[in-house]
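Numbering (the working numbering), first residue to last: 3 to 424. For glycine and all other residues, C-beta sits at the position ideal for the given N, C-alpha and C. Just so we're clear, the structure is a prediction, and the values are computed from it rather than from any experiment.
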Ligand SMILES: [Zn+2]
């Protein structure tokens, strides 16, 4: 009896250790940094820029927030399922989008639970999320891809990000936030890339049962905050303790923290041997700590600043401001596929005016796959030429402002259109 009691107590403590928020991002990112020197160089530059962020007074930050437009991130959800239950409903996906939008816009109803000592630091990050309306080919999409897979469970090895290994390839990560929802192994809730990752791996992976509002009474992670936390990493936010004993998260207004918190601490919570001298203790209700979903409520102004910096010109996520993923899609089904159809003579360029890149649309799909293009300025001088690739994106960022003509040609057709470079 004594033995069984002892065993029970020991198991109880093991379960408690396992029950901390299992975010794999720290270990995953360290592995990538070791494996990929080019990525390490990119990330070092991004971190260097983040370190140069000047402390800004709260008042001037608030003024800046009033002026800054809200940034909308197009999202594509890759649902990889092996059982019918894992093929989660559209409603469940919508519930996750709402949580992301509430948390990053400070519209979550539980902001009222932030202790007074931290309430004035709680910030609207000025970021929102929307399911993509068009795919990388310009076709209509719901922004949700469902794919049956034979894989019973997934590891932190990126196989879900590639069709060749039973997952699903990322959509162009310059213009889409890719979120893979799959049956990650039980010791893992999710993991993410920081900015600077290889484009085909860039994005967030979330375990199916903790994605969206699951309604599970027994789970500490049933309110969609795992995705808020992992998207926080994708937006360059680190864990509050900097993944080290009293490490640095690169944010000015989060208190130093010895290590992660778990469960639902009560305020004020000061860790033993804490490096935090403040009586208010740890900011355990910050989305970048490991507390339970029900006890996470806020990002800070400093975290907002790190996020916003990614979208400045030349910032690592600035390409999202040029994304066409939320534009109304070109409806291919409206155009009868007929060799003699007048629609085949139409070439559409979007966006127009454009500043970074243009995408081409035409009912003649052949010319878009294999055509050669030439861009001329208003004097008729050839300025850029090349072949149209499957992505149909053409970079025009080096062109001067003005009006240009683009002509594409295949063996059987020739199309042209004007566009404006901003
Ligand atoms: Zn994390």
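Cut-off 6 angstroms between Cβ atoms - residues of its own chain near residue i, not counting five sequence neighbours on either side
{"i": "residue 127", "result": "106, 301, 306 and 309"}
{"i": "residue 286", "result": "263, 267, 271 and 293"}
{"i": "residue 1", "result": "Outside the displayed span of the chain (3 to 424) sits residue 1, for which this structure offers no information."}
{"i": "residue 249", "result": "243"}
{"i": "residue 395", "result": "359 and 361"}
{"i": "residue 15", "result": "Unreliable placement is indicated for residue 15, whose pLDDT of 39 sits below 50; the coordinate value is still reported in the next sentence. Counting only Cβ-Cβ distances below 6 angstroms, and skipping sequence neighbours, we find nothing."}
{"i": "residue 237", "result": "309"}
{"i": "residue 117", "result": "269"}
Bounding residues of the alpha helix (DSSP H) (the contiguous stretch that carries residue i)
{"i": "residue 52", "result": "39-53"}
{"i": "residue 370", "result": "367-372"}
{"i": "residue 409", "result": "Premise fails: residue 409 lies in the beta strand (DSSP E), 404-411, not in any alpha helix (DSSP H)."}
{"i": "residue 292", "result": "Taken as a continuous stretch (DSSP letters only), residue 292 belongs to no alpha helix (DSSP H), as it is neither H nor E."}
{"i": "residue 120", "result": "118-121"}
DSSP-derived helix/strand/coil call for residue i
{"i": "residue 303", "result": "helix"}
{"i": "residue 72", "result": "coil"}
{"i": "residue 28", "result": "helix"}
{"i": "residue 149", "result": "strand"}
{"i": "residue 361", "result": "strand"}
{"i": "residue 399", "result": "coil"}
{"i": "residue 424", "result": "coil"}
{"i": "residue 93", "result": "helix"}
{"i": "residue 325", "result": "coil"}
{"i": "residue 101", "result": "helix"}
{"i": "residue 136", "result": "strand"}
{"i": "residue 114", "result": "helix"}
{"i": "residue 125", "result": "coil"}
{"i": "residue 316", "result": "coil"}
{"i": "residue 268", "result": "coil"}
{"i": "residue 425", "result": "As shown, the chain starts at 3 and ends at 424. That puts residue 425 outside it, with no answer to give."}
{"i": "residue 276", "result": "coil"}
{"i": "residue 165", "result": "helix"}
{"i": "residue 414", "result": "coil"}
{"i": "residue 376", "result": "strand"}
{"i": "residue 340", "result": "With a pLDDT of only 48 at residue 340, under the threshold of 50, the placement of this residue in the model should not be trusted; the figure read from the coordinates follows. Residue state, collapsed to three classes: coil."}
{"i": "residue 22", "result": "coil"}
Contact set for residue i: own chain, Cβ-Cβ below 8 angstroms, skip 5 residues either direction
{"i": "residue 99", "result": "77, 131, 132 and 133"}
{"i": "residue 329", "result": "135, 136, 352 and 353"}
{"i": "residue 499", "result": "Outside the displayed span of the chain (3 to 424) sits residue 499, for which this structure offers no information."}
{"i": "residue 110", "result": "101, 104 and 299"}
{"i": "residue 97", "result": "214, 215 and 226"}
Endpoints, beta strand (DSSP E) assigned at residue i
{"i": "residue 352", "result": "350-352"}
{"i": "residue 389", "result": "384-389"}
{"i": "residue 133", "result": "129-133"}
Contacting residues, own chain, Cβ-Cβ under 7 angstroms from residue i (five flanking each side not counted)
{"i": "residue 157", "result": "187"}
{"i": "residue 230", "result": "101, 102, 105 and 289"}
{"i": "residue 405", "result": "380, 420 and 422"}
{"i": "residue 317", "result": "311"}
{"i": "residue 378", "result": "384, 385, 406 and 407"}
Contained alpha helix (DSSP H) runs [length at least 4] in the segment 173-257, N- to C-terminal order:
227-236
Looking at C-beta atoms only, is the number of pairs between the segment 77-92 and the segment 234-248 that lie closer than 8 angstroms three or more?
no
Could you say if the segment 373-386 and the segment 396-413 meet the contact criterion of at least three C-beta pairs nearer than 8 angstroms?
yes
Stretch pair the segment 222-239 + the segment 199-212: three plus CB contacts closer than 8 angstroms
These segments touch.
Are the segment 408-421 and the segment 368-382 touching by the rule of at least three beta carbon pairs closer than 8 angstroms?
Touching, yes, given that three or more Cβ pairs across the two stretches are closer than 8 angstroms.
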